[in-house]
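Data first, discussion second: the structure below is written as structure tokens.
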Amino acid sequence: MRVDIEALHVLDVVIEQGSFAKAAVKLHKAQSAISYQIKKLEQQFDVAIFDRSSYRAELTPQGRALWQEGRQLLQQAMRIENLADQYSKGWEPTFELVIDGALPLEPVMKAMKALADKEIPTKIQIKVEALGGVQMRFDQDEANMMLVVDYTPNQKLNAIPLPEVPMVLVTASDHALAGQPDIDLNQLLNHVELTIHDSSETTTGKQDLLQFGGDKVFYLHGFDSKRTCLLMGLGYGWMPLSLISEELATGKLIELNYLGGSRHAFTPQLVYSAEQPLGKAGEVILNEVLSEFAAYSQ
């Protein structure tokens, strides 16, 4: 059985207007055409939608139930039509963005908030990975864009540098290394180093270039868990300044006096395909992300 969407629409207008005559005026149709559509529905469903035994036709209980279900179908049909119209205008059905967990998420989330306010039809998915896992996910999922610390450039990819992300070598205020002057590499290697596990699925994932290379290393799956371990005094490690500014200000975490330098900055890249032009959503996301990162770095 094929449901007649047009007939359901006529039924909805009849009930909304309160009579067949008013529905005919609303729809610019003859009243006989309105009656025909309702009769056709009743024949199709083999159910009396209106009780015509009195002067004014009234919905039957079955008719009311069909009308309520029909309204949901009409609303869904309208959403489908609107989506098709948006897609025909260049909006992508979906957009996947892969982000390295070392990047500050605040500008990304602000960009997403701006997109939500624009009510674009594209379904946006954000995935957070680490190190080699970012490009792995980008390639495997055929994602639309990645914000990445380190990747393998090629002619098929466009890359736009983002503002530098500062990293700080820290430990807890009650850790043995806290407050010590002129810490050398050997002193660091006597303690547990906390670092981030490469989220790629290969056994030869990219090693964190800031890793010191000792035997006492704990690999963690994200910077939130790394910050927790640092605050517990479990070890020392590099953290994005954006994630620990409050802890540094309150003295819960201490910047190490490491002779090799306790500050480092990297320049992340916004990367997308050079072979497939960005759609409308991609262009909006690109501009919003660049704008929010620029504002965040000031």
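In terms of my numbering, the sequence shown has 160 at position 117, counting the first letter as 1, and numbering is strictly consecutive. We put the CB at the ideal spot given by N, CA and C, even for glycine.
Residue i vs residue j beta-carbon contact at 7 Å
{"i": "proline 147", "j": "serine 285", "result": "yes"}
{"i": "alanine 120", "j": "glutamine 80", "result": "no"}
{"i": "proline 206", "j": "phenylalanine 336", "result": "yes"}
{"i": "glutamine 312", "j": "valine 191", "result": "yes"}
{"i": "methionine 179", "j": "serine 268", "result": "no"}
{"i": "alanine 317", "j": "phenylalanine 138", "result": "no"}
{"i": "isoleucine 92", "j": "glutamate 85", "result": "yes"}
{"i": "aspartate 241", "j": "leucine 174", "result": "yes"}
Collapsed DSSP secondary structure at residue i in the structure displayed
{"i": "leucine 109", "result": "helix"}
{"i": "phenylalanine 255", "result": "coil"}
{"i": "alanine 388", "result": "Past the edges of the chain, shown from 44 to 341, lies residue 388, and the structure says nothing about it."}
{"i": "histidine 52", "result": "helix"}
{"i": "lysine 22", "result": "What is shown of the chain runs 44 to 341, which leaves residue 22 out entirely."}
{"i": "asparagine 300", "result": "coil"}
{"i": "arginine 180", "result": "helix"}
Option nearest residue i by Cα separation, candidates the options
{"i": "glycine 222", "options": "Tyr301, Leu200, Leu237, Leu205", "result": "Tyr301"}
{"i": "glutamine 105", "options": "Asp89, Arg99, Ser97", "result": "Asp89"}
{"i": "methionine 189", "options": "Ser340, Leu333, Ala338", "result": "Leu333"}
{"i": "arginine 114", "options": "Ile48, Pro196, Gln230, Met275", "result": "Ile48"}
{"i": "valine 141", "options": "Asn187, Leu299, Leu102", "result": "Asn187"}
{"i": "threonine 103", "options": "Asp143, Ala73, Ile58", "result": "Ile58"}
{"i": "glutamate 73", "options": "Arg180, Ile92, Val53, Lys170", "result": "Looking at the sequence shown, residue 73 is not glutamate but alanine. Of the candidates Arg180, Ile92, Val53, Lys170, the one whose C-alpha sits nearest the C-alpha of alanine 73 is Val53."}
{"i": "lysine 156", "options": "Ser62, Asp143, Glu331", "result": "Glu331"}
{"i": "tyrosine 279", "options": "Ile226, Val56, Tyr315", "result": "Ile226"}
{"i": "alanine 338", "options": "Leu117, Thr165, Leu116, Lys153", "result": "Lys153"}
{"i": "alanine 202", "options": "Gly257, Leu231, Tyr315", "result": "Tyr315"}
{"i": "aspartate 258", "options": "Cys272, Leu228, Phe266", "result": "Leu228"}
{"i": "leucine 350", "options": "Phe181, Ala76, Ile287, Val211", "result": "This structure leaves residue 350 out entirely; the chain is present only between 44 and 341."}
{"i": "valine 46", "options": "Asn197, Glu112, Tyr98", "result": "Glu112"}
{"i": "valine 208", "options": "Gly61, Lys69, Ser340, Asp55", "result": "Ser340"}
Rounded separation between residue i and residue j - CA only
{"i": "serine 78", "j": "serine 96", "result": "16 Å"}
{"i": "glutamine 254", "j": "threonine 238", "result": "7 Å"}
{"i": "isoleucine 328", "j": "histidine 264", "result": "27 Å"}
{"i": "histidine 275", "j": "valine 260", "result": "What sits at residue 275 in the sequence shown is methionine, not histidine. In a straight line, the C-alpha of methionine 275 is about 16 Å away from that of valine 260."}
{"i": "lysine 295", "j": "alanine 215", "result": "6 Å"}
{"i": "arginine 306", "j": "isoleucine 123", "result": "52 Å"}
{"i": "cysteine 272", "j": "leucine 220", "result": "15 Å"}
{"i": "alanine 292", "j": "glutamine 118", "result": "53 Å"}
{"i": "aspartate 143", "j": "methionine 282", "result": "13 Å"}
{"i": "phenylalanine 63", "j": "arginine 107", "result": "16 Å"}
{"i": "alanine 67", "j": "proline 136", "result": "37 Å"}
Exposure of residue i, with buried meaning 16 or more beta-carbon neighbours within 10 Å
{"i": "tyrosine 194", "result": "buried"}
{"i": "histidine 71", "result": "exposed"}
{"i": "asparagine 270", "result": "One point to set straight first is that residue 270 is arginine, not asparagine, in the sequence displayed. So arginine 270 ends up on the buried side."}
{"i": "aspartate 217", "result": "exposed"}
{"i": "glutamate 185", "result": "exposed"}
{"i": "leucine 116", "result": "exposed"}
{"i": "proline 224", "result": "exposed"}
{"i": "glutamate 172", "result": "buried"}
{"i": "alanine 145", "result": "buried"}
{"i": "proline 204", "result": "exposed"}
{"i": "glycine 61", "result": "exposed"}
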